[in-house]
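Data first, discussion second: the structure below is written as structure tokens.
Protein chains: 2
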Amino acid sequence: MPSSTVPEYAFAAPFTHPPVSPIRRLVPYASRPGTISMAGGYPAQELFDVAGLNAAAANVGARLADCLQYSNIEGQASLRHALAALSARRGISCDPDTELAVTGGSQQALALLARVMLQPGDVAFVESPGFPNSAQTMRHTGATVLTVPSGPEGVDVEALARMAEIHKPKLVSVVATFSNPCGATLTREKRLRLLALAVEHRFLLVEDDPYGELRFTGEAVPPILALATGEARNWAAYISSMSKTMAPGLRIGWMVAPPEVRRRCTGAKAADDMACSAWIQEIVAQYLGDGAYDRHVPRIREAYGSRCAALGDALREHMGGEIAFLQPQGGMFCWGRLTGAVDSTRLLPYAIEHEIVYVPGNAFYGDPAQADTQAMRLSFATMNEAQIAEGIVRLRRALRACEANEPVSIALAA
Amino acid sequence: MPSSTVPEYAFAAPFTHPPVSPIRRLVPYASRPGTISMAGGYPAQELFDVAGLNAAAANVGARLADCLQYSNIEGQASLRHALAALSARRGISCDPDTELAVTGGSQQALALLARVMLQPGDVAFVESPGFPNSAQTMRHTGATVLTVPSGPEGVDVEALARMAEIHKPKLVSVVATFSNPCGATLTREKRLRLLALAVEHRFLLVEDDPYGELRFTGEAVPPILALATGEARNWAAYISSMSKTMAPGLRIGWMVAPPEVRRRCTGAKAADDMACSAWIQEIVAQYLGDGAYDRHVPRIREAYGSRCAALGDALREHMGGEIAFLQPQGGMFCWGRLTGAVDSTRLLPYAIEHEIVYVPGNAFYGDPAQADTQAMRLSFATMNEAQIAEGIVRLRRALRACEANEPVSIALAA
């Protein structure tokens with residue numbers, strides 16, 4: 001055991017005072033028996049295709065001896081080709097040998113792109129509100145990470161344009177389809193404008209697309225990279241993940257990036273973790289090759305769509321105008337705003353006491369001063385329709401209790 | 001496809017001119033049919049415990065639904081506890097909840113430790129010759145990486161002491177047992193001296209121990225962390241891997257580090273790749289829990305020991321004094337030195353033409369000026385005893401052809 005006095009380590013600046021995740025702080029409450037959690041940022045466990053994955057694994061098990069060595073750093077050829085075919089079905093053509101790389105989720109894809117582009121003194125942009133880990137991986141490079149206002153209609157592209165003039169970012173990361181936390185989707189016009197800005201200011205525009213295949217209603221908009229032609233193609237990267245469609249426990253994602261960028265990401269990955277597991281990669285390639293993925297995604301799309309509809313219905317029926325929201329067209333999240341005097345942080349302990357948990361909006365802002373304190377992220381992914389309806393009934397009760405200043409036993413750290 | 005002119009990306013400094021790996025350059029030659037490769041830094045495929053791994057996987061498959069979500073960032077509890085027990089058998093006691101974390105091979109453990117400790121302006125030390133990826137992951141932080149002379153008796157601890165006075169490193173990485181490429185093992189006295197230096201100069205001493213369990217002969221020396229008491233425990237970390245004992249394709253390693261360091265590594269991993277695959281972690285935990293690991297390691301130890309003995313015999317029999325070497329007591333590598341006029345780089349194309357491949361020593365030096373140009377790394381892991389003997393016969397023929405200046409058709413890039 002280490003001695004009891006903590007030595008004064010000289011950590012690298014981004015790690016001197018590690019932030020406490022306000023989302024992770026909620027986990028003990030969200031996992032209480034009887035509690036309905038709309039806090040999770042993960043898919044529904046009961047929708048995993050366990051049989052299909054076991055079938056793919058059995059196939060790989062029969063040739064396991066060939067799947068136990070180091071993988072190519074950029075990924076097994078079988079999986080790269082399968083992911084290139086999947087990307088092509090989303091409108092993105094790419095060369096699996098020079099533009100595509102397998103990564104440990106899309107999180108690692110973003111981390112690698114950040115690492116090869118950014119160093120102290122550089123500037124990167126992220127959306128705010130946005131997924132905290134996206135900003136965090138950029139901050140870890142020592143770069144300055146600035147936030148561009150975003151919301152239920154996606155990132156404010158004209159604000160981004162003004163900020164780019166001033167700050168000259170080297171990397172800009174957006175979730176263009178069914179964003180986390182807002183569930184927002186950027187129009188085609190805004191996507192084209194982002195590409196033009198990337199070319200003009202020579203920043204790498206990274207679209208993180210974990211949710212794009214989970215569209216329930218409305219018309220699909222192509223990924224940004226699918227709209228990139230000529231010079232724009234040199235400044236756009238696409239990253240995606242199997243975490244929301246297959247399972248997070250695979251830790252398989254990928255990037256499509258310009259060859260010179262991808263080549264450096266391969267060098268970064270070699271020094272980071274050598275490669276992704278060849279075993280798991282072969283299972284995912286087998287699952288894609290079996291057609292299991294193409295059969296599975298419509299099933300979860302239907303299930304999540306039904307849950308999303310149930311959430312909208314419940315909010316309209318039980319909360320009246322007390323929570324404003326846009327009905328999401330896909331993804332896993334709904335961004336609601338309390339319209340009364342109570343803000344989402346004040347409401348939270350009451351909600352927990354009433355056995356319904358959400359993530360307050362301020363968890364998704366890098367700068368607390370920018371935070372929309374009325375907002376909350378409601379995930380509709382992991383609860384069924386009846387639980388969702390019951391959860392919103394509980395939320396109304398919690399709001400009433402909060403408005404009445406009733407005593408509450410839950411004490412959350414600030 | 002990107003347009004044909006390469007845009008001028010402003011990459012982060014460590015990625016502006018990515019190095020070409022001299023080892024990877026050899027792969028096409030090493031994998032030619034008929035060629036005997038002693039170049040690989042990986043274990044023997046035919047020694048993988050495919051049946052045991054499939055049995056563990058089948059067990060996990062029966063409870064797969066519970067292994068598909070995001071893992072804890074620091075690793076599944078089952079695996080952390082199993083790895084703490086394994087570490088304890090190596091002499092290292094630790095708390096699996098505050099000191100141990102599962103990582104993507106020991107490579108990721110080193111990368112995470114480097115990232116939380118190092119930034120531009122800082123100094124880190126690595127051994128030279130040493131595993132190139134160890135130095136590379138530190139360079140990627142922007143820190144200055146200095147090399148401490150090493151060799152068949154391990155890192156020069158007194159040289160390290162003198163350098164530490166001058167350069168004040170924040171992190172020092174060593175392979176203390178059966179090093180790559182030298183096969184060297186540090187004495188207990190030198191390990192204790194390293195710990196004293198770590199306390200004196202307040203650097204984090206990281207021992208990378210992928211090979212320690214592969215001891216064929218001689219007396220075991222405890223891992224450095226097992227010798228750390230009191231304040232020294234605050235400045236020592238231990239990292240290890242399943243890549244050499246189970247299989248590289250699992251991508252499972254671990255760290256034991258002081259809690260404040262480990263906590264920050266968890267934050268770094270969250271932003272890097274969220275976690276290792278829960279599925280694979282559960283398979284490894286099951287394999288360890290089954291006792292399969294404890295049955296398997298003696299088998300591969302015996303096999304590698306026999307191959308190591310065969311290499312020593314062949315070198316003595318066929319090369320006489322023309323290659324000097326110390327008989328390794330474990331691991332996968334033998335460090336040989338050509339004693340004549342021919343150096344290992346000049347010999348290499350002849351060797352390839354004679355269908356025997358090794359890695360020339362200069363591949364393991366960060367600074368070419370320091371390189372021992374006579375040296376070569378011979379892996380005895382992946383070839384059987386007959387192939388090893390034949391390989392050394394071919395090497396002698398190649399040396400004769402080289403000495404005679406015979407024409408050679410292989411042209412290797414510098």
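Here the protein sequences come in this chain order: V and D. Read in order, the letters of the first sequence correspond to residues 1 to 414 in full-length UniProt numbering. Read in order, the letters of the second sequence correspond to residues 1 to 414 in full-length UniProt numbering. Don't be surprised by glycine CBs; every beta carbon is placed ideally from N, CA and C. Since the model is a prediction, treat every value here as computed from it, not as a measurement.
Quiz item: Under three-state DSSP, which class holds V:Ile-92?
Solution: coil
Practice problem: Give me the Cα-Cα distance between D:Phe-131 and V:Thr-147, rounded to the nearest whole angstrom. | Solution: 40 Å
Quiz item: Counting pairs of beta carbons, one from the segment 51-70 of chain D and one from the segment 48-57 of chain V, are three or more of them closer than 8 Å?
Solution: yes
Self-check item: V:Met-163 in three-state terms, based on DSSP
Solution: helix
Quiz item: Are the beta-carbon atoms belonging to V:Ser-173 and V:Pro-210 less than 9 Å from one another?
Solution: no
Quiz item: Does the beta carbon of D:Leu-192 sit closer than 9 Å to a beta carbon anywhere in chain V?
Solution: no
Quiz item: Using DSSP with H/G/I as helix, E/B as strand and the rest coil, what is D:Pro-328?
Solution: coil
Quiz item: If you measure beta-carbon to beta-carbon, which residues of the segment 29-41 of chain V are closer than 7 Å to chain D?
Solution: none
Self-check item: First and last residue of the uninterrupted beta strand (DSSP E) at D:Glu-127
Solution: 123-128
Quiz item: What do you get for D:His-201, buried or exposed, if any count of 16 or more other CB atoms within 10 angstroms of its CB means buried?
Solution: buried
Self-check item: Opposing strand residues paired with V:Thr-144 [DSSP bridges]
Solution: V:Val-123
Exercise. Go to D:Thr-103, then tell me how far its beta strand (DSSP E) extends in each direction, as first and last residue.
Key: 100-103
Quiz item: For V:Phe-15, which three-state DSSP category applies?
Solution: helix
Quiz item: Just how far apart, CA to CA, sit residue 489 of chain D and D:Cys-276?
Solution: No answer is possible for residue 489 of chain D: it lies beyond the span of chain D, which begins at 1 and ends at 414.
Quiz prompt | Own chain partners of D:Ala-285 with C-beta closer than 6 Å, once the 5 adjacent residues on each side are dropped | solution = Ser-78, Leu-79, Ala-82
Self-check item: Contact set between the segment 272-287 of chain V and chain D, restricted to residues whose Cβ is under 8 Å from the partner
Solution: Asp-272, Asp-273, Met-274, Ala-275, Cys-276, Ser-277, Ala-278, Trp-279, Ile-280
Self-check item: Secondary structure of D:Glu-403, DSSP reduced to three states
Solution: helix
Practice problem: Quick one: which residues of the segment 169-185 of chain V get their C-beta closer than 8 Å to a C-beta of chain D? List them in chain order. | Solution: Lys-170
Practice problem: With 9 Å as the threshold, decide whether the Cβ of D:Cys-67 is near any Cβ in chain V. | Solution: yes
Quiz prompt | the segment 91-106 of chain V touching the segment 318-329 of chain V, judged by at least three CB pairs closer than 8 Å | solution = no
Quiz item: Can you give, in chain order, each stretch of the alpha helix (DSSP H) that sits fully within the segment 334-378 of chain D and has at least 4 residues?
Solution: 344-353
Exercise. Kindly indicate if chain V contains any beta-carbon less than 9 Å away from that of D:Phe-364.
Key: no
Quiz item: For the candidate residues D:Ile-36, D:Lys-190, D:Arg-251, D:Leu-204, whose alpha-carbon lies nearest to that of D:Asp-122?
Solution: D:Leu-204
Self-check item: Neighbour flag for V:Asp-97 against chain D, beta carbons, 9 Å
Solution: no
Practice problem: Give the interface partners of V:Ser-71 over in chain D, defined as CB-CB distance under 9 Å, in chain order. | Solution: Pro-248, Gly-249, Arg-251
Exercise. Could you tell me the distance, in whole angstroms, from the CA atom of D:Met-1 to the CA atom of D:Thr-339?
Key: For D:Met-1, the predicted structure reports a pLDDT of 46, less than 50, and the residue's modelled location is therefore unreliable. The matter cannot be settled from this model.
Quiz item: Are the segment 14-32 of chain V and the segment 262-269 of chain V in contact at 8 Å, needing three or more beta carbon pairs?
Solution: no
Quiz prompt | Every unbroken alpha helix (DSSP H) within the segment 24-99 of chain V, with a cutoff of 4 residues, ordered by chain | solution = 27-30, 50-61, 77-89
Exercise. Within its chain, find whatever has a CB closer than 8 Å to the CB of D:Ala-341; leave out the 5 residues flanking it on each side and keep chain order.
Key: Glu-403
Exercise. Give, in chain order, every residue of the segment 111-122 of chain V whose Cβ lies closer than 8 Å to some Cβ of chain D.
Key: Ala-111, Arg-115, Val-116, Met-117, Leu-118, Gln-119, Pro-120, Asp-122
Quiz item: By DSSP, does V:Tyr-293 sit in helix, in strand, or in coil?
Solution: helix
Quiz item: Going by DSSP, which residues form a beta bridge with V:Met-255?
Solution: V:Ala-101, V:Ile-239
Quiz prompt | Cross-strand partners of V:Ile-323 (DSSP beta bridge) | solution = V:Leu-338
Self-check item: Below-9 Å beta-carbon distance, V:Arg-264 vs any chain D residue
Solution: yes
Quiz prompt | Contact between the segment 387-400 of chain V and the segment 310-317 of chain V (3+ Cβ pairs under 8 Å) | solution = yes
Practice problem: Could you work out which residue in D:Pro-248, D:Leu-113, D:Thr-245 is closest to V:Phe-11 when comparing CA atoms only? | Solution: D:Leu-113
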